[in-house]
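Working notes for the structure below.
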Amino acid sequence: MLIGMTIWLNQIATAIANLVLAPLAWIPGGLSLTLLAAITGLVMLVVIKYTSHQPALQYTRNQIKANLLALSLFKDHLGVGFRVQGALLWGAVRLLGLSVVPMLVMTIPMYLLFSQLSLWFQSRPLTVGQQTIVTVQFGAGQERSVAAIQLNALATPAAMVTSGPVRVTSKNKVCWTIQAQHPGLHDLVFQVGETHFTKEISIGESAMPVSIQRPPRQLTAVLVHPREQPFASDSPVQSIEIDYPRRPPTWVTGSDWWMVYWFLASMVIALLARPFLKVHF
Amino acid sequence: MTDGFSVEKIPWQINANPHSLGRPLNMVALLLTKRARKIALTEKNLHVLNILTHDLWCRDSNHDTEVTLFPSLFMFFMFFMFFLDFHLLTFPGTLAYIGPGAGFALAGSFLAVFGALVSAISMLLLWPIRRLLRILFKRHPPRKPRFKRIVILGLDGLDHKLTTRLLAEGKLPNLAALQTQGSFQALGSTLPPISPVAWSTFQTGVNPGKHNIFDFLTPDEKTYLPKLSSVEIRSGSRHIGIGPWKITWHKPDVRMLRKSQPFWKVLSQYGIFNCILRVPITFPPEKLHGVQLSAMCVPDLRGTQGTFSQYTTYPKVEDKKTGGEVHRVQRRGDLIMGDLLGPPQPTKPDQGSLKLPFTVRIQKSGAAVLTIGGTKYPLKQGEYTDWIPVRFRAGWGVSIQGLCRWLLLETDPEFNLYVTPIHLDPEHPAMAIGYPAVYPIYLAKKQGPYATLGLAEDTWGLSEQVLEDEHFLQQCTDIDRERESMFFDGLDKVPEGLCVCVFDGTDRIQHMFWRYLDEAHPARPTEVPVRFQTTIEDLYVRMDQLVGRTMARCENHPTLLMVLSDHGFNTFRRGVDLNRWLEENGYLVVHETQRDQDYLAGIDWSQTKAFAIGLTGIFLNLRGKFAQGIVEPEDEAQQLRDEIAGRLARLVDPKTNDAAIKRVYQAIKAYRGPYKENAPDLIVGYAEGYRVSWDAAVGRTSHTLFHDNLKAWSGDHCVDPSVVPGVLFCNHAISSESPRLLDLAPTVLDLFGCPIPEYMDGKPLVVGEQQSVAADVVPPPFTPEACVA
Chain S
1 MLIGMTIWLN QIATAIANLV LAPLAWIPGG LSLTLLAAIT GLVMLVVIKY
51 TSHQPALQYT RNQIKANLLA LSLFKDHLGV GFRVQGALLW GAVRLLGLSV
101 VPMLVMTIPM YLLFSQLSLW FQSRPLTVGQ QTIVTVQFGA GQERSVAAIQ
151 LNALATPAAM VTSGPVRVTS KNKVCWTIQA QHPGLHDLVF QVGETHFTKE
201 ISIGESAMPV SIQRPPRQLT AVLVHPREQP FASDSPVQSI EIDYPRRPPT
251 WVTGSDWWMV YWFLASMVIA LLARPFLKVH F
Chain L
282 MTDGFSVEKI PWQINANPHS LGRPLNMVAL LLTKRARKIA LTEKNLHVLN
332 ILTHDLWCRD SNHDTEVTLF PSLFMFFMFF MFFLDFHLLT FPGTLAYIGP
382 GAGFALAGSF LAVFGALVSA ISMLLLWPIR RLLRILFKRH PPRKPRFKRI
432 VILGLDGLDH KLTTRLLAEG KLPNLAALQT QGSFQALGST LPPISPVAWS
482 TFQTGVNPGK HNIFDFLTPD EKTYLPKLSS VEIRSGSRHI GIGPWKITWH
532 KPDVRMLRKS QPFWKVLSQY GIFNCILRVP ITFPPEKLHG VQLSAMCVPD
582 LRGTQGTFSQ YTTYPKVEDK KTGGEVHRVQ RRGDLIMGDL LGPPQPTKPD
632 QGSLKLPFTV RIQKSGAAVL TIGGTKYPLK QGEYTDWIPV RFRAGWGVSI
682 QGLCRWLLLE TDPEFNLYVT PIHLDPEHPA MAIGYPAVYP IYLAKKQGPY
732 ATLGLAEDTW GLSEQVLEDE HFLQQCTDID RERESMFFDG LDKVPEGLCV
782 CVFDGTDRIQ HMFWRYLDEA HPARPTEVPV RFQTTIEDLY VRMDQLVGRT
832 MARCENHPTL LMVLSDHGFN TFRRGVDLNR WLEENGYLVV HETQRDQDYL
882 AGIDWSQTKA FAIGLTGIFL NLRGKFAQGI VEPEDEAQQL RDEIAGRLAR
932 LVDPKTNDAA IKRVYQAIKA YRGPYKENAP DLIVGYAEGY RVSWDAAVGR
982 TSHTLFHDNL KAWSGDHCVD PSVVPGVLFC NHAISSESPR LLDLAPTVLD
1032 LFGCPIPEYM DGKPLVVGEQ QSVAADVVPP PFTPEACVA
């Protein structure tokens, strides 16, 4: 049920993201990420404001600050110091308790946002002429399917198979090397007997969502790969994956650093906006 | 390779790891592992790292271990938050920040717990080192302190006579218990027995001739205009800029005029911790070992000693009120708009005050909504708001912050709104109001906003009939509650050392409600409202309860507890216009047309030998001292002093046939010390029921010598010190007879084992042991002579 709900949420998030994040294709990566971070920071602030017990948060924060000041003001007596430490600890625990509600409220939207952003910023689409590896993972006991699978070149004009398939029977995997042909979002079509399986492929210079894997119907995989429909549990094919190139290493939009930048930028924006929105956290 | 072949693992497959979301998370997770930390960031090692990552990834893609992603995610999160919060914690303003998402809030809280634990451990480890350093390098009292802690609870103006009566009636059980444990005596006040003088003597242990405080006000020697005697607040200009481009701003330059030094400064020199709360005449705050919050003379945001504001649609209300301003506003439908006046423009003071616009929208009769600074606050008729922060923009990125409380007095048929003086915001004080500077901030964080104005209770609001009795009482009790909170926090935080806290509400309430106690008071209404008939008695009972709570908090510590007052109280039925008396007796000449003007404006100085201003003093217009002085300082001055003192002492009130003045003191004889020249030449010790008239106090000269006091300000203590002794309770027996306020400073120093400086005039009281068995203690008789320092 949880997986089903996650898939359903992913579909909605993807549909919204297709609309909302579409302008990212025309905006430079750094700017778009900054813009998104700003919006995220502001939205989070508003959400925290209305989902948390603001007076209690303010009071607890003030108590923590007071106790921090007390540590420097009343340092002559060890017993007093420990009492203040105890109060500090209690304040932190109380803060923890007060953070639970906004945390619960924000967990799902944050996950959805984060996973959608990762489609845009984690990997780069293939460029025309670039080669990469496609791996199909089969379920256990699907040796026949491993032997029978074919990448349907006719149905996949966007990419050309340059080598493969390489069948790793011990791991139920089949790999191809393909070469990107035409820019855009296309589907690779795989055929096992009469059954067809597709996988989205992103080709081109402009920004576009990059779905690395069409996942199996498993929670962790569905959480991380939200864009494509997962394979059914009884499907012979469990996942299909494309090895996309990493984004160039920059501090803003590099493959790993975009997350750090997004976190930091959203926090800075939230900090700056906090006095105006009068939010305590 | 067009057809399949089977392999276990082919070399290029190692690099076929997808750069998915899981990868960076796993990378960070790996960085945290011992294995990965050993790997230097060379290209070769990056490759190894890649392999490791791939191993993890492969396991993920094979779905053997689905859980690896989530610990990695969590670890990344915590790792990131650690760095983030480490930096954020270094900025007090961003301390609270825990990220854009609620997950950050959670992680931040975990970090706070972690920080508290680390801090506790480091404190424990460092404590022996700090202790050793203190033993080696700090000065210690030469004698062993008799008490680890001394607590002094000051109840300003608690009257000896009234306390004795209520004790006898059994209405003050806690003070009675204190008396039984130790002692209760009359405490000799100072000459004159008024708070700034008395508390200065309390803290310095010297007579006014050495601490330089003789009254609230003193005349300026050039202009004769009254000025504060204990503090000088000057508007200092500062410039910044290059060449002709300069920015000038005005910042107050605050100087303490009280001389000598408080005894807690001596204690500080011996490493004894002090917590000094709201003791009058401690502004600007002075350095000490401990913490201090200033009191009397702390100005409001406008730089005055407290200016209330009234916004009204009443057409006939006077524009000018003592201690406040009336702003006439217009009502447009349900909307009233006004400007709250703040401090002077810092860059251009001549352009008037900074203004903060506000609106009040009346919702129904007796209820409205105030909008100020973009925030809405509900107003309910007859109920104070909480402290409302106000921020005056003084320029780009510069603001001055204050606090005030609002009271909707009336909505129909006329609109009437009262605003307290704007107190300095203790969280963002425009000037230092405590030591160290963060102490007021600490208190504000700990207990919320609180009153900071020196004379926090708005007596003028009531005296000028803007406030009703119950409004004023509410202010006083609220402020007492705030004070109690900070006092008890001080008791919690200071198990060893000195803790002093003064409550002013006792003084203010007695000033304003004595008319209900004194049946012969001219300001007493024919019918006293039932709820105010016992206001002063209730006040004493409330203070007794405070003493009870204080005693309970001192129970588990070896504490010497003293409860004392700086002076007592007395009725103020009749005012004596000293300037009129001086005029009638040929010592002062007034221009008839300027008779009603304040601050000695109408006086002909070329013919005036003596004048009165302030609460108790007469000044001779001495040549060489005052700009237009005509009295020769030596023989003529002495002859004049003798003459005025002799004649004034015989002054009889024709209405009652009572002597209005008990004794006239000559400062030159009553005081000792380098500053006695600054004192008024003559200090008038009024008899019971009398005081200087309202006119004479502000330098006006009326047509009559005696005035009935019809103001709400109906009790006073600006009389002869023998009329208004204070009280001294102690939980240990004090065997000294006739203790004086002057003796407290040397007593505390003595009890802490510190040497008593030679300049101190007081003598240490003999403090005995606590009496465990209830004894039938009778307060020793009170001798008036003991009061005069």
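These protein sequences, in sequence, are chains S and L. Sequential numbering from 1 applies to the first sequence in our numbering. Sequential numbering from 282 applies to the second sequence in our numbering. Quick reminder that beta carbons are idealized off the backbone N, C-alpha and C, glycines included. As the structure is a prediction and not an experimental result, all values here were calculated from the model.
**Report entry** Cys1035 (chain L) - containing alpha helix (DSSP H), residue span
**Finding:** First-last for Cys1035 (chain L): undefined, no H or E at that position.
Query raised in the report: So who's on the other strand from Thr177 (chain S), going by DSSP bridges?
Result: Bridge partners of Thr177 (chain S): S:Ile133, S:Ser163.
Query raised in the report: Under a three-way DSSP split, which group does Asn553 (chain L) fall into?
Result: In the sequence on display, residue 553 (chain L) carries Ile and not Asn. Note: Ile553 (chain L) maps to coil in three-state DSSP.
Query raised in the report: Do you know how far the Cα of Gly849 (chain L) is from the Cα of Leu932 (chain L)?
Result: The alpha-carbon atoms of Leu932 (chain L) and Gly849 (chain L) are separated by roughly 24 Å.
Query raised in the report: Between the region 771-802 of chain L and chain S, which residues of the former have a C-beta closer than 9 Å to a C-beta of the latter?
Result: The residues in question are Asp773, Lys774, Val775, Pro776, Glu777, Gly778.
**Report entry** Whole-angstrom distance between Thr177 (chain S) and Val260 (chain S), CA atom to CA atom
**Finding:** Linking Val260 (chain S) to Thr177 (chain S) through their CA atoms gives a straight-line distance of about 32 Å.
Query raised in the report: Below 8 Å between beta carbons: does that hold for Met44 (chain S) and Ser266 (chain S)?
Result: Met44 (chain S) is a Cβ neighbour of Ser266 (chain S), given a cutoff of 8 Å.
Requested in this report: Tell me, please, which residues DSSP counts as bridged to Arg931 (chain L).
Outcome: Arg931 (chain L) is not bridged to any residue.
Report task. Measuring only between beta-carbons, confirm whether Asp76 (chain S) sits less than 8 Å from chain L. Result -> At least one chain L Cβ lies under 8 Å of Asp76 (chain S).
Query raised in the report: At a Cβ threshold of 8 Å, is Lys726 (chain L) touching chain S?
Result: For Lys726 (chain L), a Cβ of chain S is located within less than 8 Å of the residue's own Cβ.
Query raised in the report: Per DSSP, Trp687 (chain L) is paired with what?
Result: DSSP output for Trp687 (chain L) lists L:Val700 as bridge partner(s).
**Report entry** Span of the beta strand (DSSP E), counted from its first residue to its last, around Asp785 (chain L)
**Finding:** For Asp785 (chain L), there is no enclosing beta strand (DSSP E), as DSSP marks it with neither H nor E.
**Report entry** Span separating the alpha-carbon of Asp799 (chain L) from that of His752 (chain L)
**Finding:** Note on geometry: alpha-carbon atoms of Asp799 (chain L) and His752 (chain L) lie some 21 Å from one another.
Query raised in the report: Do Gln791 (chain L) and Gly438 (chain L) have their C-beta atoms within less than 8 Å of each other?
Result: Between Gln791 (chain L) and Gly438 (chain L), the C-beta gap is smaller than 8 Å, which places the two residues in contact.
Query - Which of helix, strand or coil DSSP assigns to Thr815 (chain L) - result: It is coil, neither helix nor strand.
Report task. Using 10 angstroms around the beta-carbon of Gly786 (chain L), count the other beta-carbons present and answer buried if the total reaches 16, otherwise exposed. Result -> Gly786 (chain L) is buried by the Cβ-count criterion.
Requested in this report: Kindly indicate which three-state DSSP category Ala140 (chain S) falls into: helix, strand or coil?
Outcome: In the three-state reduction of the DSSP assignment, Ala140 (chain S) falls in the coil class, being assigned neither a helical nor a strand state.
Report task. Report the rounded CA-to-CA distance for Val607 (chain L) versus Gly678 (chain L), giving the unit in angstroms. Result -> Approximately 31 Å, taken between the alpha carbons.
Query raised in the report: So with Cβ pairs under 8 Å, would you call Gln54 (chain S) a contact of chain L?
Result: With 8 Å as the cut-off, Gln54 (chain S) does not count as an interface residue toward chain L.
Query raised in the report: Taking 8 Å as the CB-CB cut-off, is Phe639 (chain L) touching chain S?
Result: Phe639 (chain L) has a beta carbon lying at 8 Å or more from every beta carbon in chain S.
Query raised in the report: Would you call the region 171-191 of chain S and the region 120-140 of chain S touching, i.e. three or more CB-CB distances under 8 Å?
Result: Yes, since at least three Cβ pairs between the region 171-191 of chain S and the region 120-140 of chain S fall closer than 8 Å, the two stretches touch.
Query raised in the report: What distance in whole Å lies between the Cβ atoms of Gly778 (chain L) and Ile617 (chain L), which are believed to be in contact at a cut-off of 8 Å?
Result: With a Cβ gap of about 51 Å, Ile617 (chain L) and Gly778 (chain L) do not count as contacting.
Query raised in the report: Can you name, in chain order, every residue of its own chain whose Cβ lies under 6 Å from the Cβ of Thr666 (chain L), other than the five neighbours on each side?
Result: For Thr666 (chain L), where only same-chain residues beyond five positions count, the Cβ hits under 6 Å are Tyr658, Arg686, Trp687.
Query raised in the report: Does the beta-carbon of His196 (chain S) have 16 or more other beta-carbons within 10 angstroms, so that it is buried, or is it exposed?
Result: The residue in question, His196 (chain S), is exposed, as its Cβ has fewer than 16 Cβ neighbours within 10 Å.
Query - For Leu963 (chain L), three-class secondary structure by DSSP - result: Of the three classes helix, strand and coil, the one that applies to Leu963 (chain L) here is strand, per DSSP.
Requested in this report: With 8 Å as the threshold, decide whether the Cβ of Val80 (chain S) is near any Cβ in chain L.
Outcome: Flagged as an interface residue toward chain L: Val80 (chain S), by a C-beta distance shorter than 8 Å.
**Report entry** Neighbour-count burial assignment, Lys950 (chain L), 16 or more Cβ in a 10 Å radius
**Finding:** Result: exposed.
Requested in this report: Could you check which residue in L:Asp819, L:Val1047, L:Gln550, L:Lys943 has the C-alpha nearest to that of Pro1027 (chain L)?
Outcome: That would be L:Val1047, whose Cα lies nearest to the Cα of Pro1027 (chain L).
**Report entry** Nearest-angstrom Cα separation, counted from Cys175 (chain S) out to Ala221 (chain S)
**Finding:** Each residue's Cα considered, the two are about 20 Å apart.
Query raised in the report: Candidates L:Pro670, L:Leu436, L:Ala977, L:Arg812: which alpha carbon is nearest Asp879 (chain L)'s?
Result: Scanning L:Pro670, L:Leu436, L:Ala977, L:Arg812 for the CA closest to the CA of Asp879 (chain L) turns up L:Ala977.
Report task. Please say whether Thr982 (chain L) and Arg861 (chain L) have beta carbons closer to each other than 8 Å? Result -> Closer than 8 Å, so yes.
Requested in this report: Check Asn67 (chain S) in the structure and name its three-state DSSP category.
Outcome: Asn67 (chain S): helix per DSSP, three-state reduction.
Report task. Kindly indicate if chain L contains any beta-carbon less than 8 Å away from that of Asn62 (chain S). Result -> Chain L, which has a Cβ nearer than 8 Å to the Cβ of Asn62 (chain S), makes this yes.
Requested in this report: State the DSSP-derived secondary structure class of Arg609 (chain L), mapped to helix, strand or coil.
Outcome: It is a strand residue.
Requested in this report: Drop a sphere of 10 angstroms on the beta-carbon of Gly435 (chain L), count the other beta-carbons inside from all chains shown, and report buried for 16 or more, exposed for fewer.
Outcome: With a 10 Å radius around the Cβ and a threshold of 16 neighbouring Cβ atoms, Gly435 (chain L) comes out buried.
Query - Outcome for Arg227 (chain S) when other beta-carbon atoms lying within 10 angstroms are tallied against a minimum of 16 - result: Buried.
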